[in-house]
Amino acid sequence: LMLKDALIKSTQNFTKEVLDAETPVYESCPLYHAYSASIEIEGDENYHIAVHIAEKSLKKMAYLFLFEENPDAETLEDLIKEISNIIVGKAKLHASQSGLSFTIKTPQFLGANIPIEQNDFDINFTFEDEIFSITGRVS
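Mind the numbering: the sequence shown is residues 191 to 329 in our numbering, read in order.
In structure tokens form, the structure reads like this:
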């Protein structure tokens with residue numbers, strides 16, 4: 191799946207460039223509760239892509255990305271949407287190099303510590319001993 195490969199590449203580029211962290215793909219269990227934001231993509235195939243980050247990891251990212259030591263709920267909500275936008279935006283660039291084109295919509299906040307539903311694919315990454323996930327389903 192070309193889109194999945196593009197999402198992996200864009201996520202790892204983002205975490206290396208912005209967070210100065212390696213985020214290997216983790217093959218085991220996905221997250222079950224997380225801050226989540228989704229973006230609809232439309233193109234040759236339409237997908238609903240969501241980024242799920244546990245609160246503890248998102249707070250670490252807030253510190254690394256925004257220098258926020260004690261981010262409030264609104265900051266975490268904005269951050270999960272921004273991270274989703276960056277990852278899917280970079281994935282769009284990577285996918286276009288392979289001939290896949292799509293448009294992305296505005297990220298939507300899904301909730302804090304919500305359960306993660308079953309999807310067509312999920313990609314799990316490790317970030318400082320925590321897991322975060324990107325999920326996708328055909329829409």
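Heads up, the beta-carbon is just placed ideally off N, CA and C, and yes, glycines get one too.
Keep in mind that this is a model prediction, so the values were computed, not measured.
>> Comparing C-alpha positions only, which one of L193, A227, K250 sits nearest to E320?
In response: K250
> DSSP on T265, reduced to helix/strand/coil?
Replying inline: helix
> Going straight from the alpha carbon of A196 to that of S286, what length do you get?
Replying inline: 9 angstroms
> Considering D312, what are the terminal residues of the alpha helix (DSSP H) in which it resides?
Replying inline: Here D312 belongs to no alpha helix (DSSP H); instead the beta strand (DSSP E) covers 311-317.
> Hey, quick one: how far does the beta strand (DSSP E) through Q202 stretch, first residue to last?
Replying inline: Element bounds for Q202: not the beta strand (DSSP E) but the alpha helix (DSSP H), 192-209.
> Using the beta-carbon count (16 or more within 10 Å), is A252 buried or exposed?
Replying inline: buried
>> Just checking: is the beta-carbon of L300 within a distance shorter than 8 angstroms of some beta-carbon in chain B?
In response: In the displayed structure, chain B is absent; only one protein chain is listed.
> Using the beta-carbon count (16 or more within 10 Å), is E295 buried or exposed?
Replying inline: First, the amino acid is wrong: residue 295 is Lys here, not Glu. Answer is exposed; the Cβ neighbour count stays below 16.
> Can you give the Cα-Cα distance for H223 and E245, rounded to whole angstroms?
Replying inline: 9 angstroms
>> I'd like the list of long-range same chain contacts for L198, defined as Cβ closer than 7 angstroms, with 5 residues on each side in sequence excluded.
In response: At residue 198 the sequence reads Ile, which differs from the Leu that was named. Correct list, in chain order: V215, I313.
>> I'd like to check one pair, N275 with I229: are the Cβ atoms closer than 8 angstroms?
In response: yes
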